[in-house]
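Numbering (our numbering), first residue to last: -10 to 303.
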């Protein structure tokens, strides 16, 4: 698994990628592909040309350009990976998403109830859409210990080639391409929490379990933000909130691990396997990567802080 995040003007871009582990059998480290894809995604999002501060980054275009850049890199990164890219406009509050495969996301409202959960993108059960760069002429790379590749510097010619890449060669032989990524958009509201994760999370953890964990941690966060602090210690509040929000991310991932080691659990993966005609019980051991975003409107945040200060004086 790997992740990325980038800031460009009034855009916060982020996402996850899950390298396909089956490439280990061919001597290829699957983490190199996903880490290279997210490294390129970071670079593409940070360098995207935006004429106005309010212009939005297209997450589908981030995936497209990142993958095209990988294909043109002089250092090959063979393998496959799913991709989930998201962009939150800090100007409009709109969340745009592009999903290729079974790395999915959920949006929880201010009461920590899921108001949207994205569906997996599968060809058939346990065969998600994925981006692939196959090795040529039976080439192999050594598995284990390899660092992810840094994005190559893109000159004008390389940028032109990236813009023109329509992945026709891959589509012709049946491979998925970034053009298959499913786009969506959501209007975000004050207090919403975005949960983006590789399949290791939602294969093992039900949405209602995520809701309960979010409720517990968000209650603690709200208590922290509503408590007046002594003069001179205001800087401690953001740190405390960040620690709690990080604790929520850790707890969600830890719940996935706790679930996947149980061999008698009716996991979401087991339930989907049954619907597909397979017999499977317990959790599904896998890597787990979780990213969270908490949406807050500036005006409402300022009002909450004023109320906390007035309460302290009273």
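Backbone N, C-alpha and C define an ideal beta-carbon position, used for all residues, glycine too.
What does the alpha-carbon distance come out to for the pair residue i and residue j?
{"i": "residue 176", "j": "residue 282", "result": "14 angstroms"}
{"i": "residue 187", "j": "residue 93", "result": "6 angstroms"}
{"i": "residue 70", "j": "residue 139", "result": "17 angstroms"}
{"i": "residue 210", "j": "residue 230", "result": "6 angstroms"}
{"i": "residue 239", "j": "residue 203", "result": "11 angstroms"}
{"i": "residue 185", "j": "residue 167", "result": "19 angstroms"}
{"i": "residue 142", "j": "residue 66", "result": "16 angstroms"}
{"i": "residue 21", "j": "residue 216", "result": "45 angstroms"}
{"i": "residue 40", "j": "residue 208", "result": "40 angstroms"}
{"i": "residue 237", "j": "residue 280", "result": "10 angstroms"}
{"i": "residue 262", "j": "residue 269", "result": "6 angstroms"}
{"i": "residue 160", "j": "residue 182", "result": "36 angstroms"}
{"i": "residue 201", "j": "residue 214", "result": "20 angstroms"}
{"i": "residue 146", "j": "residue 25", "result": "21 angstroms"}
{"i": "residue 135", "j": "residue 11", "result": "For residue 135, the pLDDT reaches just 48, beneath the cut-off of 50, and the residue's location in the model is therefore unreliable, leaving the point undetermined."}
{"i": "residue 232", "j": "residue 225", "result": "11 angstroms"}
Quick one, which of the options has its alpha-carbon nearest residue i's?
{"i": "residue 206", "options": "254, 108, 241 and 189", "result": "241"}
{"i": "residue 6", "options": "99, 23 and 16", "result": "23"}
{"i": "residue 170", "options": "86, 270, 278 and 40", "result": "86"}
{"i": "residue 113", "options": "106, 104 and 90", "result": "90"}
{"i": "residue 189", "options": "257, 15, 105 and 265", "result": "257"}
{"i": "residue 14", "options": "-1, 68, 284 and 82", "result": "68"}
{"i": "residue 4", "options": "-7, 12, -2 and 11", "result": "-7"}
{"i": "residue 193", "options": "259, 144, 155 and 215", "result": "259"}
{"i": "residue 83", "options": "142, -1, 12 and 225", "result": "-1"}
{"i": "residue 77", "options": "65, 105, 43 and 66", "result": "43"}
{"i": "residue 254", "options": "157, 195, 216 and 26", "result": "195"}
{"i": "residue 79", "options": "-5, 116 and 146", "result": "-5"}
{"i": "residue 284", "options": "159, 39 and 234", "result": "234"}
{"i": "residue 96", "options": "225, 173, 227 and 11", "result": "173"}
{"i": "residue 248", "options": "274, 147 and 232", "result": "274"}
{"i": "residue 1", "options": "75, 226 and 148", "result": "75"}
{"i": "residue 265", "options": "115, 104 and 228", "result": "115"}
To which residues of the same chain is residue i closer than 8 angstroms at the C-beta, ignoring the five residues directly before and after it?
{"i": "residue 251", "result": "271 and 272"}
{"i": "residue 124", "result": "15, 17, 65, 67 and 130"}
{"i": "residue 153", "result": "none"}
Within the same chain, show all residues whose beta-carbon is closer than 7 angstroms to that of residue i, passing over the 5 residues directly before and after it, in chain order.
{"i": "residue 88", "result": "73, 107, 110, 170 and 171"}
{"i": "residue 286", "result": "179"}
{"i": "residue 198", "result": "244"}
{"i": "residue 305", "result": "Examination of residue 305 is not possible in this model, given that the chain is present from -10 through 303 alone."}
{"i": "residue 117", "result": "71, 90, 91, 109, 110 and 111"}
Report all residues from its chain with a CB closer than 6 angstroms to the CB of residue i; omit the five preceding and five following residues, and keep chain order.
{"i": "residue 151", "result": "54, 57 and 58"}
{"i": "residue 277", "result": "189, 190, 242 and 245"}
{"i": "residue 37", "result": "-3 and 46"}
{"i": "residue -10", "result": "7, 187, 276 and 278"}
{"i": "residue 309", "result": "Given a span of -10 to 303 for the chain in the structure shown, any question on residue 309 remains unanswerable."}
{"i": "residue 156", "result": "166"}
{"i": "residue 164", "result": "121"}
{"i": "residue 49", "result": "87, 170 and 172"}
Check your understanding: Would you call the stretch 50 to 58 and the stretch 30 to 38 in contact, with 3 or more CB pairs under 8 angstroms?
Key -> Output reads yes: the stretch 30 to 38 touches the stretch 50 to 58.
Review point. For the stretch -4 to 68, which segments carrying the beta strand (DSSP E) assignment without a break, of at least 3 residues, lie completely within its bounds, in sequence order?
Key: Those beta strand (DSSP E) runs which fall completely within the stretch -4 to 68 and span 3+ residues are 0 to 8.
Review point. Taking contact to mean at least 3 C-beta pairs separated by less than 8 angstroms, is the stretch 60 to 79 in contact with the stretch 95 to 104?
Key: The answer is no - the stretch 95 to 104 does not touch the stretch 60 to 79, with fewer than three Cβ pairs under 8 angstroms.
Practice item. Would you mind listing the alpha helix (DSSP H) stretches within the stretch 213 to 264 that are 4+ residues and don't spill past its ends, in chain order? Key: The qualifying runs are 225 to 249 and 257 to 264.
Check your understanding: Which parts of the stretch 141 to 216 are runs of the beta strand (DSSP E), unbroken and 3 residues or longer, counting only runs that do not cross its ends?
Key -> Counting whole runs of 3 or more residues, the stretch 141 to 216 contains the beta strand (DSSP E) stretches 171 to 176 and 182 to 186.
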